[in-house]
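J.: Input: one structure, supplied below.
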Amino acid sequence: MNPERIAEHIPRLRRYARALAGDAHAADDLVQDTVERAINKRHLWRPGSDLRAWLFAIMHNVFVNQLRSRQAHPEDALDEDALPAVAPTDGARLEIRDLQTALALLPPEQREVVLLVGLEQLTYAEASHALGIPIGTVMSRLFRGRERLRLLVTGAPAVPALKIVK
Amino acid sequence: MKPSDNELHAYADDHLDAESRRVVEAHLAQAPEDAARVAAYREQNAALHAAFDPVLDEPVPDRLRHISARRRAGPVAVAAGWLALGAVIGWLANALLTDRPHALMSFSRQAALAHAVYSPEVRHPVEVGAAEQEHLVNWLSKRVGAKLRAPVLTAEGYELVGGRLLPGESGAVAQFMYQDSKGKRLTLYVSRLAGRQRDTAFVFSQEDKVSVFYWIDGALGYALSGELPKADLLNIATTVYKQLNP
Numbered sequence: 058m059n060p061e062r063i064a065e066h067i068p069r070l071r072r073y074a075r076a077l078a079g080d081a082h083a084a085d086d087l088v089q090d091t092v093e094r095a096i097n098k099r100h101l102w103r104p105g106s107d108l109r110a111w112l113f114a115i116m117h118n119v120f121v122n123q124l125r126s127r128q129a130h131p132e133d134a135l136d137e138d139a140l141p142a143v144a145p146t147d148g149a150r151l152e153i154r155d156l157q158t159a160l161a162l163l164p165p166e167q168r169e170v171v172l173l174v175g176l177e178q179l180t181y182a183e184a185s186h187a188l189g190i191p192i193g194t195v196m197s198r199l200f201r202g203r204e205r206l207r208l209l210v211t212g213a214p215a216v217p218a219l220k221i222v223k
Numbered sequence: 000m001k002p003s004d005n006e007l008h009a010y011a012d013d014h015l016d017a018e019s020r021r022v023v024e025a026h027l028a029q030a031p032e033d034a035a036r037v038a039a040y041r042e043q044n045a046a047l048h049a050a051f052d053p054v055l056d057e058p059v060p061d062r063l064r065h066i067s068a069r070r071r072a073g074p075v076a077v078a079a080g081w082l083a084l085g086a087v088i089g090w091l092a093n094a095l096l097t098d099r100p101h102a103l104m105s106f107s108r109q110a111a112l113a114h115a116v117y118s119p120e121v122r123h124p125v126e127v128g129a130a131e132q133e134h135l136v137n138w139l140s141k142r143v144g145a146k147l148r149a150p151v152l153t154a155e156g157y158e159l160v161g162g163r164l165l166p167g168e169s170g171a172v173a174q175f176m177y178q179d180s181k182g183k184r185l186t187l188y189v190s191r192l193a194g195r196q197r198d199t200a201f202v203f204s205q206e207d208k209v210s211v212f213y214w215i216d217g218a219l220g221y222a223l224s225g226e227l228p229k230a231d232l233l234n235i236a237t238t239v240y241k242q243l244n245p
C-alpha cells in the first residue's frame, strides 16, 4: 500500500482526534503516532478491507497506550491549557467549549464510541471492529455515553429519573 | 411493539432501513419521552459535526504532512549512493556493451516487450498468483535453473501480483509482476544468461513508453520494466538489487 493512501485520511483522523483528545496539540500527537505506526505496519493491512476503520483501530491502540502512560505519570494527566480560553461574548465558541468540556468528562471508552458513531459515522459493526470489542459492548457504551453527554450538556437528567409508583 | 434501545439509537444514527424506520416513527409518535431522547441524540451528532467539522478544512500541519514523504527520503539517498557506485563501475557496463551490444540490448528489449504484452492484462496477468508465492518461486526457480527470489516492494508501494514463465533466447525466463494501489504495474524479468557474463551496473533503456533498468548479477540477468519516470524506476531497481544481494 502506498503511504499516500494513508495521508488521504489525515484530515478525518485529525477531526476525530481533536474531539477525543480535547486540545489541538495533543490531538495531532495522536494523529502523528497513528500515521507513523500505520506506515510501519502497512503490510498488515488487508487489501480490500476498509482502510479508515483500520486507521481508527490503530488510533484506538495509540490512545489507550497514551492513557496508560498518563496514569503512570499522573503529573501529565491534567493539562490546564487543554481547553482553549474563550471570550465569554463569543457565543458559538462557548458552545463548542461546553461540548468539549462535556466530552472530556465522559469516560474515554464511552467518548470513543460516541465519537466514532456520532461524528465519524461508523456503523456499530465498524466501531466494534475498530475498538476490538463486541457489538453489545459498543451499544451499551453508546447508551451510557449519550445519556451522560445529554445530562452534562443540558444539565437535565437524561432519562426521566424515577417514576413514583403509587 | 416498542422498539429496543438499539433500534432507537440506530434510528437516530440513520442506520435503519425504511421498514424499521416506519416502525420506530410510529412508536415515537405516541411516546414523547423516547421521542425526546432520539431528538437529543440527533442534536448531539449535529453538535459534534458543528464543533469538529471545521478541523477538516484546516491545513494539515507540516509535521503530519511530511510523515509519508520522510519515508521516501531513505530510498532516494540510497539510490544516490548506488548511482555513485554505478559511475565508478560504469566502465564495466560500457565494456560489456561494446563487447556484446546485441545480447544485452535484446535482453532489455525482450523484457520491455514482455512487460508491454502482459502488464495490461486484466484477467490473466500472471500464471500463478501471489497467494501461492512459495509454489510460484519454486516453480520458476526450477524452470529457469537458478534459485530465484521475488523481492518485496511493499515499501515502494507495490505488491506482488504473481508470475509467469516465458521463453527467452537462452531458455526459460521468469517474469514477476507487481502492482501499486492505483493499478500501475512493474515487471521483473529474470533470465539465466548463456555463457559467462561479467556483472554490470544498472543500465537504462527506453523502449517506447516502457522504461527498463537492467543488470547482470552472477549467472542471471535482471530487467525491471515499468511505465514510470526513470528516477522512480531506479529507486525500485536499487531496492530489488539490494534485496537480492543482502
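Protein sequences appear in the order of chains A and F. Residue 168 in our numbering sits at position 111 of the first sequence, and the numbers go up by one each step. Residue 67 in our numbering sits at position 68 of the second sequence, and the numbers go up by one each step. All C-beta atoms in this analysis are idealised placements derived from N, C-alpha and C, irrespective of residue type, glycine included. These figures come from a predicted structure and were not determined experimentally.
1. Tell me the DSSP secondary structure of S107 (chain F) in three-state form.
2. DSSP beta-bridge partners for G220 (chain F)?
3. Determine the contact status of E158 (chain F) and I235 (chain F), defining contact as a CB-CB distance below 8 Å.
4. Quick one: does D52 (chain F) have its CB under 8 Å from some CB of chain A?
5. Just checking, does the region 128-139 of chain F make contact with the region 220-235 of chain F on the three C-beta pairs under 8 Å criterion?
6. Any idea what DSSP makes of V247 (chain F), helix, strand or coil?
7. Below 8 Å between beta carbons is the criterion; list the residues of the region 84-107 of chain A that meet it against any residue of chain F, in chain order.
8. Going straight from the alpha carbon of Y188 (chain F) to that of R127 (chain A), what length do you get?
9. Find the nearest neighbour of R62 (chain F) within the set A:G105, A:R99 and A:Q89, judged by alpha-carbon distance.
10. Can you name the residues of chain F whose CB is closer than 9 Å to the CB of G68 (chain A)?
11. Where N44 (chain F) and D155 (chain A) are concerned, what is the direct C-alpha to C-alpha distance, given to the nearest angstrom?
12. Taking C-alpha atoms, which residue in F:A49, F:K241 and F:E206 lies nearest to E177 (chain A)?
13. Are the C-beta atoms of F200 (chain A) and some chain F residue less than 8 Å apart?
14. Please name the residue in A:T158, A:W111 and A:S185 whose C-alpha comes closest to that of I208 (chain A).
15. Determine the direct distance from the alpha carbon of L192 (chain F) to that of W214 (chain F), and round the result to whole angstroms.
16. Under DSSP, the alpha helix (DSSP H) around M58 (chain A) begins and ends at which residues?
17. Can you find a CB in chain A that lies within less than 8 Å of the CB of G182 (chain F)?
18. Whole angstroms is fine: what's the gap from A110 (chain A)'s alpha carbon to R184 (chain F)'s?
19. Please compile the residues from chain F whose C-beta is within a distance smaller than 7 Å of the C-beta of V174 (chain A).
20. Counting only beta-carbon separations shorter than 8 Å, does Q43 (chain F) have a partner in chain D?
21. Please report the straight-line C-alpha distance between T237 (chain F) and V160 (chain F), rounded to a whole angstrom.
22. Which residue or residues does DSSP assign as beta-bridge partners of L165 (chain F)?
T.: In short, the structure shows the following:
1. Translated into the one-based positions of the second sequence, residue 107 (chain F) becomes position 108. DSSP, read as helix, strand or coil, puts S107 (chain F) in helix.
2. Position 221 of the second sequence holds residue 220 (chain F). Bridge partners of G220 (chain F): F:S190 and F:I215.
3. Residue mapping note: residue 158 (chain F) aligns to position 159 of the second sequence, counting from 1. Residue mapping note: residue 235 (chain F) aligns to position 236 of the second sequence, counting from 1. Cβ atoms of E158 (chain F) and I235 (chain F): not closer than 8 Å.
4. Taking the second sequence and counting its residues from 1, one reaches residue 52 (chain F) at position 53. D52 (chain F) counts as touching chain A.
5. Counting Cβ pairs under 8 Å, fewer than three are found: no touch.
6. Here chain F covers residues 0 to 245 and nothing more, so residue 247 (chain F) does not appear.
7. For the region 84-107 of chain A, which is checked against every Cβ of chain F, the residues closer than 8 Å are D85, V88, Q89, V92, E93, I96, R99, H100 and P104.
8. Taking the first residue of the second sequence as position 1, residue 188 (chain F) is located at position 189. Taking the first residue of the first sequence as position 1, residue 127 (chain A) is located at position 70. Looking at the two C-alpha atoms, the distance is approximately 53 Å.
9. As a first step, residue 62 (chain F) must be located in the second sequence, where it is residue number 63. Looking at the Cα atoms, A:Q89 is the closest of the given residues.
10. If you number the first sequence from 1, residue 68 (chain A) lands on position 11. Before going further, note that residue 68 (chain A) is Pro rather than Gly in the sequence given. Near P68 (chain A) (Cβ distances below 9 Å), the residues of chain F are V54, L55, D56, E57 and V59.
11. Walking along the second sequence from the start, residue 44 (chain F) turns up at place 45. Walking along the first sequence from the start, residue 155 (chain A) turns up at place 98. Distance between N44 (chain F) and D155 (chain A), taken at the CA atoms: about 15 Å.
12. Taking the first residue of the first sequence as 1, we reach residue 177 (chain A) at position 120. It is F:A49 whose Cα lies nearest to the Cα of E177 (chain A).
13. Numbered from 1 along the first sequence, position 143 holds the residue referred to as residue 200 (chain A). It does: the Cβ of F200 (chain A) has a partner Cβ on chain F nearer than 8 Å.
14. Counting from one through the first sequence, the residue named residue 208 (chain A) turns up at place 151. It is Leu, not Ile, that sits at residue 208 (chain A) in the sequence shown. The shortest Cα separation from L208 (chain A) among A:T158, A:W111 and A:S185 belongs to A:T158.
15. Along the second sequence, read from residue 1 onward, the residue named residue 214 (chain F) stands at position 215. Along the second sequence, read from residue 1 onward, the residue named residue 192 (chain F) stands at position 193. Between W214 (chain F) and L192 (chain F), the C-alpha separation is close to 11 Å.
16. Along the first sequence, read from residue 1 onward, the residue named residue 58 (chain A) stands at position 1. Counting along the chain, M58 (chain A) falls outside any alpha helix (DSSP H), and DSSP gives it neither H nor E.
17. Residue 182 (chain F) sits at position 183 when you count from the first residue of the second sequence. For G182 (chain F), the closest Cβ of chain A is not nearer than 8 Å.
18. For this step, residue 110 (chain A) is matched to residue 53 along the first sequence. For this step, residue 184 (chain F) is matched to residue 185 along the second sequence. A direct Cα-Cα distance of roughly 27 Å separates A110 (chain A) from R184 (chain F).
19. Sequence index remark: in the first sequence, residue 174 (chain A) carries index 117 (1-based). Simply D12.
20. No chain D is present in this structure, whose protein chains are A and F.
21. As a working note, residue 237 (chain F) is residue 238 in the second sequence. As a working note, residue 160 (chain F) is residue 161 in the second sequence. If you take the alpha carbons of T237 (chain F) and V160 (chain F), they lie about 20 Å apart.
22. Within the second sequence, residue 165 (chain F) is the residue found at index 166, counting from 1. Under DSSP, the beta-bridge partners assigned to L165 (chain F) are F:V172.
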